[in-house]
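Remarks on the structure that follows.
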Amino acid sequence: MKFKLAKSYRYWWPATIRQPDPDNAGKLVEMKLKLLFEPSNREEVLESQKRFSELTSEAERMEHETAQYLRVVKGWDDVVDEDDGQQVPFSEELFRQALSHSWFRAGVERAYVESLLGEEARLGN
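Our numbering runs 9 ahead of the 1-based position in the sequence shown.
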């Protein structure tokens, strides 16, 4: 396959969210979804790192991190609501809600880094 030069790239990538199992103390449950990534270019990454280094409070750093996730995640699939299992459409509000949980942020981060490193998704991920 030939390399296609584009101004930006979007691609789907699997993510695994490992969260505490509400029914089994001390156990984790894995949930899978797909994320639509549009990675930042080098200049954006460098500027973001510079801004992050200038932040003085943990709250500012957390908001910066959330803004970065919002910048690179453009959609999701295989996300359902807890009541009747209906597909949940992607929105900034719902994505922010999910990001408020550390295990969701960790799963998004793992998936994004794997995709940037050029490693194919692991079997079962």
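Note that CB positions come from ideal geometry on N, CA and C, so glycine has one too.
For clarity, every value in this text was computed on a predicted model and none was experimentally measured.
Check your understanding: Span of the beta strand (DSSP E) holding Arg51?
Key -> As a working note, residue 51 is residue 42 in the sequence shown. Careful: Arg51 lies outside any beta strand (DSSP E), inside the alpha helix (DSSP H) at 51 to 63.
Practice item. Express the C-alpha separation of Pro48 and Val54 in angstroms, rounding to a whole number. Key: Here residue 54 refers to the residue found at position 45 of the sequence shown. Here residue 48 refers to the residue found at position 39 of the sequence shown. One C-alpha to the other measures close to 9 Å.
**Study point:** Limits of the unbroken beta strand (DSSP E) element including Val38
**Key:** Numbered from its first residue, the sequence shown carries residue 38 at position 29. First-last of the beta strand (DSSP E) with Val38: 37 to 46.
Check your understanding: Who are the near neighbours of Glu139 in its chain, counting only those whose CB is closer than 6 Å to its CB and skipping five residues on each side?
Key -> The structure shown does not extend to residue 139, since the chain spans only 10 to 134, so no value can be given for it.
Review point. Contact check, Trp21 vs Lys43 under 8 Å by CB: the rounded distance?
Key: One-based indexing of the sequence shown puts residue 21 at position 12. One-based indexing of the sequence shown puts residue 43 at position 34. A Cβ-Cβ separation of about 5 Å places Trp21 in contact with Lys43 under the 8 Å criterion.
Exercise for review: Just the C-alpha distance for Asp32 and Tyr121, rounded to the nearest angstrom, thanks.
Suggested key: The residue labelled residue 32 in the question sits at position 23 within the sequence shown. The residue labelled residue 121 in the question sits at position 112 within the sequence shown. Computed Cα separation, rounded: 29 Å.
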